[in-house]
Amino acid sequence: RRATTGSKQPSAPAMSTVAPVNPKPFLQELTGKPVFVRLKWGLEYKGYLVSTDSYMNLQLANTEEFEDGKSNGALGEVFIRCNNVLYIREAPADT
1238 RRATTGSKQP SAPAMSTVAP VNPKPFLQEL TGKPVFVRLK WGLEYKGYLV
1288 STDSYMNLQL ANTEEFEDGK SNGALGEVFI RCNNVLYIRE APADT
(Lines of atoms letter the chains of each structure in order from A and count residues from 1; the text may use other names and numbers.)
(Lines give C-alpha, C1' and ligand atoms only; values in the text may rest on other atoms or scores of the structure.)
Protein backbone atom coordinates (compact mmCIF):
# COMPACT_ATOMS: atom_id res chain seq x y z
CA ARG A 1 0.00 0.00 0.00
CA ARG A 2 1.06 3.50 -0.72
CA ALA A 3 1.27 6.03 2.02
CA THR A 4 -0.90 9.04 1.41
CA THR A 5 -0.57 12.47 2.86
CA GLY A 6 -3.67 14.53 3.37
CA SER A 7 -6.99 13.88 1.70
CA LYS A 8 -6.00 15.03 -1.80
CA GLN A 9 -6.99 12.62 -4.50
CA PRO A 10 -4.97 12.49 -7.70
CA SER A 11 -6.46 14.76 -10.30
CA ALA A 12 -7.66 13.41 -13.62
CA PRO A 13 -5.59 14.32 -16.67
CA ALA A 14 -6.65 17.55 -18.30
CA MET A 15 -8.82 16.96 -21.35
CA SER A 16 -9.72 19.51 -23.98
CA THR A 17 -13.38 20.23 -24.31
CA VAL A 18 -14.90 19.86 -27.76
CA ALA A 19 -18.37 21.20 -28.35
CA PRO A 20 -20.57 18.90 -30.44
CA VAL A 21 -21.55 20.24 -33.86
CA ASN A 22 -24.81 19.47 -35.61
CA PRO A 23 -23.67 18.23 -39.05
CA LYS A 24 -26.49 19.54 -41.26
CA PRO A 25 -26.19 23.23 -40.27
CA PHE A 26 -22.39 22.82 -40.39
CA LEU A 27 -22.58 21.60 -44.01
CA GLN A 28 -25.08 24.32 -44.95
CA GLU A 29 -22.67 26.91 -43.55
CA LEU A 30 -19.85 25.46 -45.70
CA THR A 31 -21.88 25.54 -48.94
CA GLY A 32 -20.15 27.79 -51.47
CA LYS A 33 -16.86 27.73 -49.55
CA PRO A 34 -13.62 25.85 -50.24
CA VAL A 35 -13.42 22.60 -48.26
CA PHE A 36 -11.14 19.62 -47.69
CA VAL A 37 -12.89 16.24 -47.65
CA ARG A 38 -10.89 13.25 -46.40
CA LEU A 39 -12.10 9.78 -47.28
CA LYS A 40 -11.82 6.75 -45.01
CA TRP A 41 -8.91 5.29 -47.00
CA GLY A 42 -6.77 8.43 -47.07
CA LEU A 43 -7.59 10.25 -50.29
CA GLU A 44 -8.35 13.93 -49.82
CA TYR A 45 -10.28 16.29 -52.07
CA LYS A 46 -10.15 20.06 -52.14
CA GLY A 47 -12.93 21.92 -53.87
CA TYR A 48 -15.90 24.22 -53.44
CA LEU A 49 -18.89 22.64 -51.73
CA VAL A 50 -21.75 23.10 -54.20
CA SER A 51 -24.47 21.18 -52.39
CA THR A 52 -25.40 18.45 -49.94
CA ASP A 53 -28.52 16.33 -49.63
CA SER A 54 -30.50 14.82 -46.76
CA TYR A 55 -28.06 11.85 -46.65
CA MET A 56 -25.09 14.26 -46.46
CA ASN A 57 -23.70 13.27 -49.87
CA LEU A 58 -21.40 16.01 -51.17
CA GLN A 59 -21.10 17.75 -54.53
CA LEU A 60 -17.80 19.60 -55.09
CA ALA A 61 -16.70 21.87 -57.94
CA ASN A 62 -13.16 22.81 -59.06
CA THR A 63 -11.97 19.71 -57.23
CA GLU A 64 -8.39 18.54 -56.87
CA GLU A 65 -7.44 15.09 -55.55
CA PHE A 66 -4.58 14.54 -53.08
CA GLU A 67 -2.90 11.33 -51.96
CA ASP A 68 -0.26 11.40 -49.22
CA GLY A 69 -0.26 15.20 -49.47
CA LYS A 70 0.60 15.18 -53.20
CA SER A 71 -1.78 16.35 -55.89
CA ASN A 72 -3.06 13.72 -58.33
CA GLY A 73 -4.51 16.44 -60.53
CA ALA A 74 -7.69 18.38 -61.12
CA LEU A 75 -10.97 16.50 -61.39
CA GLY A 76 -13.49 19.29 -61.84
CA GLU A 77 -16.95 18.45 -60.51
CA VAL A 78 -17.27 15.38 -58.26
CA PHE A 79 -19.91 13.65 -56.16
CA ILE A 80 -18.83 11.99 -52.91
CA ARG A 81 -21.12 9.46 -51.32
CA CYS A 82 -21.66 10.10 -47.63
CA ASN A 83 -20.47 6.71 -46.33
CA ASN A 84 -16.97 7.30 -47.78
CA VAL A 85 -16.31 10.53 -45.84
CA LEU A 86 -14.03 10.46 -42.80
CA TYR A 87 -14.25 14.23 -42.21
CA ILE A 88 -14.85 17.57 -43.90
CA ARG A 89 -13.30 20.89 -42.95
CA GLU A 90 -13.20 24.39 -44.31
CA ALA A 91 -10.12 25.14 -46.41
CA PRO A 92 -8.37 28.50 -46.59
CA ALA A 93 -9.57 30.26 -49.75
CA ASP A 94 -6.04 30.93 -51.02
CA THR A 95 -4.67 27.35 -50.92
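Those letters in the sequence shown? Residues 1238 to 1332, by my numbering.
Just so you know, even glycine gets a beta-carbon here, dropped at the ideal spot from N, CA and C.
Assignment of N1259 by DSSP, reduced to helix, strand and coil, places it in the coil class. In this structure, Y1292 lies near C1319, with their beta-carbon atoms less than 8 Å apart.
In the DSSP annotation of this structure, N1321 is not part of any beta strand (DSSP E), being labelled neither H nor E. Secondary structure remark: continuous beta strand (DSSP E) runs of at least 3 residues inside the stretch 1259 to 1300, in chain order: 1271 to 1276, 1281 to 1289. The beta-carbon separation of E1301 and G1284, rounded to 7 Å, stays under the 8 Å limit for a contact. For S1308, same chain residues with a beta-carbon under 8 Å away, outside a window of 5 residues either side, are E1301, E1302 in chain order. A straight-line Cα-Cα distance of about 22 Å links S1288 and P1257.
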